[in-house]
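Chemist: Protein chains in written order, with the numbering used here: chain Y, 1 to 300; chain H, 1001 to 1300.
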DNA sequence: CGGATTGATACTTAAGAGCTATGAACATCG
DNA sequence: CGATGTTCATAGCTCTTAAGTATCAATCCG
C-alpha cells in the first residue's frame, strides 16, 4: 500500500502527543482508525516507528528520524499550495517582454517599476527588438507581450494603444532655424534633408511624418534612413539633416541638437502593447492590469 | 478536502505525459478517475493547474510551478522511507557510550573503529567516566552502553564480559627487583608499599589484586590510592610504591617504570559492557553485534 | 461530412477509512 | 491483593470515495 500524507499527518500528531487517544482527538477522528493508520504506515515502511508498551508510547530511533522528515514533507506541501496560489495570481512565474527602443524613453520604465513592485518574484526577461520581429516572437511564444508600433494585423494577436504623442523637429544647433526665436513653421523645412526610420520597420511613424509634412504643403527629402532613434538624433547632431521624432525623445537631450514643436498641429504617433489573444498567463494578466488599469486586458 | 500524495503522483504523471489517457495507463488506473483526482486537486488548491483544450493538455504557470514542488515532495517521501529503514537497521541515529579510562587502552579503539565503518552515519557521543556513574547514567538514559568494571548488580541492566586479562607488576625503574633479571616472585613485594584503586570505584579490580597477593602469601601494604590508571603509573614512576595493574596498561610505556609478570598465576581482571535490559535502540544492537559477534547481544 | 481521438460525465462497484463496542494488559489505589 | 481506571488493540459494521465501465461531446483530420 502507498504512503499518503494522511499517514504523515497522523504520525506527527501521535509523535507529538505520544498518546493515541489525545492525538485522535486533535485529528478529530476516533482512536481505533488512528491506530490502524499508524500500523499501516509502519507496514508500508517495513519499520517500527513507535514502541507501544501498553501504557506508554515512545518513538523508536527510526520513528524520530522519520518524524523530522514527515514534518518537512508536510510543511513543504503547505508551501507548494501557497506557491501554486501565488503563481495563479501572477505573483511568481516568468514574463518575456519585447520592446522597441522608442519605448525605452517614456512608457517602459514606469510600467516595469510598478510591475516589479506588484510582483517582485516574477522573473522578467526583456528583449529589445523591432516591431515585426516581436510579432513573430509572440506567435512563436518567445515573448509574451511586446511594446510595438502599430499596426498589428494578425488575428491571433491583440493590440492596444498605451501611449500617444506628437512629433517635434530635431535640428542641428547651428541650423539657421535653430537660432531663430519664436515659433517654427514646418514648411520652412521643405528644402531640408530629412532623416527617417525605414518604413517597413515602423510604417505608422513613417506615415505620420510624411503626412505631417504633406499637410504643411511639402514632401520631405529623405537623405538618410536609420533604425535606432539614437542614431537618428546622432545624425542630426552631425548635421546630416533634420528629423521629426516623437516628443518624448527630447529627453535624450543630445548636445548640438535643438528640439522645436512646429506651429502646425502634429498628428499623433503611438506605441502600444501586443499579446496573444488566447494567452492565459497569470503574469501577463498582472502586466496588462497595470498597463491598462481601467479596462480589462483581454478586451482589444 | 485534503491533498494527498496520490494527487501529486497523478498530477506529475499527467504533467509529464500531457495526456490523460497515457498518464492513466502509466499509473495503472483508468482515465476517468484520473480526471476526477486532478480536478479534486485543483479544487483543493483553488488553482487551475492544467489547461485542457479538448485536444491538447498544457500546464498553466501555476501548474509548472506546482509540478516542481510536487516532484520534490515525492522524492522527499522516498528519501524519508529510506531514512527510516536505515535508522531501523541502526545505520543512522545516535549512541551515547560511556567508558572507564582503562578501556581506552585496548578494547575501546578497535571496537569504535569497526562501528564507525559499519555505521558511519551514527553519531557517537563518548563519555569517560567511572563504573558507578555509568550505571546511574544508564538508568537515567544519559548513556546507552558503558564499558564498566564488574560487578553490575542492577536487574534493569545487562552486563557481559568483553575482555579479560592478567595483572602485572609495575615497578619504579630503580627498584631492586626491576633491575634483577629473570622471573619475579610476587611474594618478593610483600614489604613494598602498594598503590591501588579505591575499592568502591572498582571492587573487582581491587579484590583481584588483594586475592593475588594473599595467594602469594601476604597482604599488600596500601600506601596510596589513586583513581586514574595513569595516576597510579605516575606514582610508581615517582617511586611512591609498586602496583598491580591490568596487563594491557603496559602500553602506557611510561619512562621510569618497569612492568613484570610474576611467576605466580595471576587472577583475571575483566572489563565488560553494560546496557539497559529492555533497550531496543537499533544503534545499540549494531554496537553489541560488533562487540559480541557470535552470541546475540540481548542474552546476558 | 464521417471517423478517430480525447477529455468529461453518469452510473456502478468495491476498497478502505472511520465509527461503536469491546477486549487485554498494565498501573494505581484502597 | 483484588478493584478500578487507563490505554492501545481488535472486531464488526457503516459509509465515504476511489476506481471501473459505458457513453457523451468536442475537436481534429482526411
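Think of the CB as a built atom: it goes at the ideal place given N, C-alpha and C, for glycine as much as any other residue.
By Cβ distance below 6 Å, which residues in the same chain neighbour residue 201 of chain Y in space, the five residues on each side in sequence not counted?
Modeler: Around residue 201 of chain Y: 130.
Chemist: Cβ atoms of residue 1247 of chain H and residue 1166 of chain H: under 7 Å apart, would you say?
Modeler: Yes. Within cutoff.
Chemist: Please check if any C-beta of chain H sits within less than 7 Å of the C-beta of residue 271 of chain Y.
Modeler: Answer no: the Cβ-Cβ gap between residue 271 of chain Y and chain H never drops below 7 Å.
Chemist: Just list the residues that DSSP pairs residue 94 of chain Y with in beta bridges.
Modeler: Beta-bridge pairing links residue 94 of chain Y to Y:123.
Chemist: In chain order, what residues of the segment 22-51 of chain Y put their CB closer than 8 Å to some CB of chain H?
Modeler: Those residues of the segment 22-51 of chain Y that come within reach of chain H (Cβ to Cβ, closer than 8 Å) are 44, 45, 46, 47, 48, 49 and 51.
Chemist: If we define contact as Cβ-Cβ less than 7 Å, is residue 4 of chain Y a contact residue for chain H?
Modeler: Yes, residue 4 of chain Y lies at the interface with chain H (some Cβ there is under 7 Å from its Cβ).
Chemist: Which chain H residues are close to residue 80 of chain Y, counting only those with a beta carbon under 8 Å from its beta carbon?
Modeler: 1066, 1069, 1070 and 1073, listed in chain order.
Chemist: Can you tell me whether residue 262 of chain Y is buried or exposed? The criterion is at least 16 other CB atoms within 10 Å of its CB, across all chains shown.
Modeler: It counts as buried.
Chemist: Just checking: is the beta-carbon of residue 1281 of chain H within a distance shorter than 7 Å of some beta-carbon in chain Y?
Modeler: Yes, residue 1281 of chain H lies at the interface with chain Y (some Cβ there is under 7 Å from its Cβ).
Chemist: Which stretch, first to last residue, makes up the alpha helix (DSSP H) that contains residue 37 of chain Y?
Modeler: Taken as a continuous stretch (DSSP letters only), the alpha helix (DSSP H) holding residue 37 of chain Y covers 31-45.
Chemist: Anyone know if the C-beta pair for residue 1020 of chain H and residue 1034 of chain H falls short of 7 Å?
Modeler: Going by C-beta atoms, residue 1020 of chain H is nearer than 7 Å to residue 1034 of chain H.
Chemist: What would DSSP say about residue 1063 of chain H, mapped onto helix, strand or coil?
Modeler: Three-state result, residue 1063 of chain H: helix.
Chemist: One question on the structure: do residue 24 of chain Y and residue 30 of chain Y come within less than 7 Å of each other, judged by their Cβ atoms?
Modeler: Contact flag set, yes.
Chemist: Does the beta carbon of residue 1077 of chain H sit closer than 7 Å to a beta carbon anywhere in chain Y?
Modeler: By this cut-off, residue 1077 of chain H is an interface position.
Chemist: Name the residues in the segment 1089-1103 of chain H whose C-beta lies less than 9 Å from a C-beta of chain Y; which are they?
Modeler: Flagged, chain order: 1089, 1090, 1092, 1093 and 1094.
Chemist: Does the distance from the CB of residue 125 of chain Y to the CB of residue 1061 of chain H come in under 7 Å?
Modeler: In this structure, residue 1061 of chain H does not lie closer than 7 Å to residue 125 of chain Y by Cβ.
Chemist: Would you kindly work out how many angstroms separate the C-alpha atoms of residue 1102 of chain H and residue 1094 of chain H, rounded to a whole number?
Modeler: Residue 1102 of chain H and residue 1094 of chain H: Cα-Cα distance of roughly 24 Å.
Chemist: With burial defined as no fewer than 16 other Cβ atoms inside 10 Å of the residue's Cβ, what is the status of residue 1037 of chain H: buried or exposed?
Modeler: So residue 1037 of chain H counts as buried.
Chemist: In chain order, which beta strand (DSSP E) runs of at least 3 residues are fully inside the segment 1121-1184 of chain H?
Modeler: Listed in chain order, they are 1121-1128, 1145-1148, 1157-1165 and 1167-1172.
Chemist: So which residues on chain H does residue 61 of chain Y lean against when the C-beta distance must stay under 7 Å?
Modeler: Those are 1087, 1093, 1281, 1282 and 1283, listed as they occur along chain H.
Chemist: Leaving out five residues on either side along the sequence, give the residues of the same chain with a beta carbon under 7 Å from the beta carbon of residue 194 of chain Y.
Modeler: Cβ within range, chain order: 220, 221, 222, 223, 241, 242 and 243.
Chemist: Start and end of the beta strand (DSSP E) containing residue 51 of chain Y?
Modeler: Here the beta strand (DSSP E) through residue 51 of chain Y covers 50-52.
Chemist: At which residues does the alpha helix (DSSP H) containing residue 22 of chain Y begin and terminate?
Modeler: Here the alpha helix (DSSP H) through residue 22 of chain Y covers 20-27.
Chemist: Can a CB atom of chain H be found closer than 7 Å to the CB of residue 83 of chain Y?
Modeler: Taking Cβ atoms only, chain H reaches closer than 7 Å to residue 83 of chain Y, which makes this a yes.
Chemist: Using the C-alpha atoms, what's the distance from residue 1280 of chain H back to residue 56 of chain Y?
Modeler: Taking the straight line joining both Cα atoms gives about 15 Å.
Chemist: Say whether chain H places a C-beta atom closer than 7 Å to the C-beta of residue 18 of chain Y.
Modeler: It does not; no Cβ of chain H falls within 7 Å.
Chemist: So for residue 197 of chain Y, helix, strand or coil by DSSP?
Modeler: Here residue 197 of chain Y sits in coil by DSSP.
Chemist: Across the segment 73-91 of chain Y and the segment 250-260 of chain Y, are there enough close Cβ pairs to call them in contact, namely three or more that are closer than 8 Å?
Modeler: Result no; under three Cβ-Cβ pairs closer than 8 Å.
Chemist: Compute the beta-carbon to beta-carbon distance between residue 127 of chain Y and residue 98 of chain Y, rounded to the nearest angstrom, for a pair I have assumed lies under 8 Å.
Modeler: Contact holds; Cβ gap of about 5 Å.
Chemist: Do you know how far the Cα of residue 186 of chain Y is from the Cα of residue 264 of chain Y?
Modeler: Distance between the alpha carbons of residue 264 of chain Y and residue 186 of chain Y: 7 Å.
Chemist: Can the beta-carbon of residue 943 of chain H be found closer than 7 Å to that of residue 1066 of chain H?
Modeler: Residue 943 of chain H cannot be examined here, being either before or after the span of chain H that is shown, 1001 to 1300.
Chemist: The alpha helix (DSSP H) with residue 1258 of chain H in it runs from where to where?
Modeler: Not the alpha helix (DSSP H): residue 1258 of chain H falls in the beta strand (DSSP E), residues 1257-1260.
Chemist: Need the endpoints of the beta strand (DSSP E) that residue 1276 of chain H sits in, please.
Modeler: Unbroken beta strand (DSSP E) run through residue 1276 of chain H: 1269-1276.
Chemist: So residue 290 of chain Y is in the beta strand (DSSP E); what residue range does that whole segment cover?
Modeler: Per DSSP, residue 290 of chain Y belongs to no beta strand (DSSP E); it is in the alpha helix (DSSP H), 282-291.
Chemist: Taking DSSP as the reference, what is the three-state secondary structure of residue 1014 of chain H?
Modeler: It is helical.
Chemist: For residue 1107 of chain H, does the three-state DSSP call read helix, strand or coil?
Modeler: It is coil, neither helix nor strand.
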